[in-house]
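Peer 1: Quick note: the sequence shown uses the working numbering, first residue 1, plus one each step. We put the CB at the ideal spot given by N, CA and C, even for glycine. Just dropping this structure here.
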Amino acid sequence: MNPSPDILCIGSVLWDIIGRTEMALATRRDMGGLITRLPGGVAMNIAMTLARFGMAPAVLTAIGGDPEGDELLQAVAQLGVDTRFAHRIAERPTDRYMAIEDATGLVAAIADAHTLEAAGADILQALHDGRLATAQQPWAGQIALDGNLTAELLAEIAGSPIFSAADLRIAPASPGKAERLLPVMAHPRATLYVNRQEAELLCETAFDGSRAAAEGLVAKGAARALVTDGGTDASDAARGAETFTRPAHVVRPRRITGAGDTFMAAHIYAESRGAERADALKQAQAAAAAYVAFADDGENGD
1 MNPSPDILCI
11 GSVLWDIIGR
21 TEMALATRRD
31 MGGLITRLPG
41 GVAMNIAMTL
51 ARFGMAPAVL
61 TAIGGDPEGD
71 ELLQAVAQLG
81 VDTRFAHRIA
91 ERPTDRYMAI
101 EDATGLVAAI
111 ADAHTLEAAG
121 ADILQALHDG
131 RLATAQQPWA
141 GQIALDGNLT
151 AELLAEIAGS
161 PIFSAADLRI
171 APASPGKAER
181 LLPVMAHPRA
191 TLYVNRQEAE
201 LLCETAFDGS
211 RAAAEGLVAK
221 GAARALVTDG
231 GTDASDAARG
241 AETFTRPAHV
251 VRPRRITGAG
261 DTFMAAHIYA
271 ESRGAERADA
281 LKQAQAAAAA
291 YVAFADDGEN
301 GD
């Protein structure tokens, strides 16, 4: 019998197709580099990082009924992530994310999450039918929720009794989808993980750093907010509590896609093991720095 998951990761599980070059990429030019295909998506990135830390995460997501979906589920399971509750849609293709990165960071990306969006609330069936929880006995553990879900589903989640007892950890999929989180960020047990640009979109104002952004989100209605600001710093603000800020580690970036998800997963893991807020922030910063400095060819950055 499979054990109960430690945490549920709800959102996108797809194929990440990432092209990277060590040079600065000029517009409309070809460049030599490395192209990889790996399991990805916000929910998946968080889940597989937690699995590496020794936790038992499960994903609630939508997977196409195509051979790419079969292959993806097999790859995800091999990474230690529970896929029992994934929703398959026979007539749809498996979602994909495509990004181009160069020496300066992310150049451009396109996220095709149409199968996840089409599934809607069907991905939450295990929280209704007793496999994980019911409306009468809602899931009371941690849930990592990503902004690839539709605005309508996120709004439904914000007021649903299914999520009333959960420790919600929320991340946008991208700045372009950050505003989808407005309804659910007000959940009384939610922690929001965003970068400074996303915080500015949610608050409709500019901030001079991660600390002001985190405190701005709390003033906007979030119970707690963690804000990263690239290679500068990160802050943790909570309603009625002290704000903590820590400088980012100085590293030479070798990859960017997934760094925010790694930060979030490391922070969740640290707190699940009893770390205080300041120490959990420190551990998350260290994990994110190690992630962006790691090279696909096996060499570490400076």
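Could you check the C-alpha separation between V107 and A75 for me, to the nearest Å?
Peer 2: V107 and A75: Cα-Cα distance of roughly 27 Å.
Peer 1: Under 7 Å Cβ to Cβ from M361, same chain only, skipping five residues before and after it: list those, please.
Peer 2: What is shown of the chain runs 1 to 302, which leaves residue 361 out entirely.
Peer 1: So what's M1 in DSSP terms, helix, strand or just coil?
Peer 2: Confidence at M1 is low in this model, with a pLDDT of 47, below 50, so the placement of that residue is unreliable and no value is reported for it.
Peer 1: Around the C-beta of S4, are 16 or more other C-beta atoms found within 10 angstroms, so that it is buried, or is it exposed?
Peer 2: With fewer than 16 other Cβ atoms within 10 Å, it is exposed.
Peer 1: Assuming D66 and T94 are in contact, meaning their beta carbons sit under 8 Å apart, how far apart are those beta carbons, in whole angstroms?
Peer 2: Yes, they are in contact, since the Cβ atoms of D66 and T94 sit about 6 Å apart, within 8 Å.
Peer 1: In chain order, what residues of the same chain have a beta carbon less than 6 Å from the beta carbon of H267, not counting five sequence neighbours either side?
Peer 2: Cβ neighbours of H267 beyond the five flanking positions: A280 and A284.
Peer 1: When the Cα atoms are used, what is the spatial distance from I7 to A103?
Peer 2: One C-alpha to the other measures close to 35 Å.
Peer 1: Roughly how far, in whole angstroms, is the beta-carbon of D261 from the beta-carbon of V13, given that I think they are within contact range, below 8 Å?
Peer 2: Contact flag wrong, Cβ pair sits at about 12 Å.
Peer 1: According to DSSP, simplified to helix, strand and coil, what is M164?
Peer 2: It is Ser, not Met, that sits at residue 164 in the sequence shown. Note: S164 maps to coil in three-state DSSP.
Peer 1: Could you give the C-beta distance for I162 and V184, rounded to a whole number, given that I count them as a contact under 8 Å?
Peer 2: Not confirmed; about 13 Å, so no contact.
Peer 1: Measure the alpha-carbon distance for T83 versus A222 and round it to whole angstroms.
Peer 2: Going from the Cα of T83 to the Cα of A222 covers about 31 Å.
Peer 1: Output the distance between the C-alpha atoms of K282 and A248, rounded to the nearest integer angstrom.
Peer 2: Computed Cα separation, rounded: 9 Å.
Peer 1: Report yes if the C-beta distance between E179 and L201 is below 9 Å; otherwise report no.
Peer 2: Yes.
Peer 1: Keeping to the same chain, check which residues put their C-beta closer than 6 Å to that of A288; ignore five residues upstream and five downstream.
Peer 2: If we look at A288 and ignore the five residues flanking it on each side, its Cβ neighbours are A259, T262 and F263.
Peer 1: Per the DSSP calculation, N195 is bridged to which residue(s)?
Peer 2: DSSP lists T228 as partners of N195.
Peer 1: Please report the distance separating the alpha-carbon of R273 from that of R96.
Peer 2: Distance between the alpha carbons of R273 and R96: 33 Å.
Peer 1: How many whole angstroms separate the CB atoms of E91 and R20, which I take to be in contact at a CB cut-off of 8 Å?
Peer 2: 34 Å between Cβ atoms; not a contact.
Peer 1: Who pairs with I17 in a beta bridge, going by DSSP?
Peer 2: DSSP output for I17 lists R37 and M98 as bridge partner(s).
Peer 1: Where do the ends of the alpha helix (DSSP H) carrying D70 lie?
Peer 2: Looking at the DSSP string, the run of the alpha helix (DSSP H) that includes D70 is P67 to Q78.
Peer 1: Tell me whether T27 is buried or exposed, calling it buried when 16 or more other Cβ atoms sit within 10 Å of its Cβ.
Peer 2: Flag for T27 reads exposed.
Peer 1: Helix, strand or coil for H87 per DSSP?
Peer 2: Note: H87 maps to strand in three-state DSSP.
Peer 1: How many Å lie between Y291 and R252 at the Cα?
Peer 2: So the two alpha carbons sit approximately 11 Å from each other.
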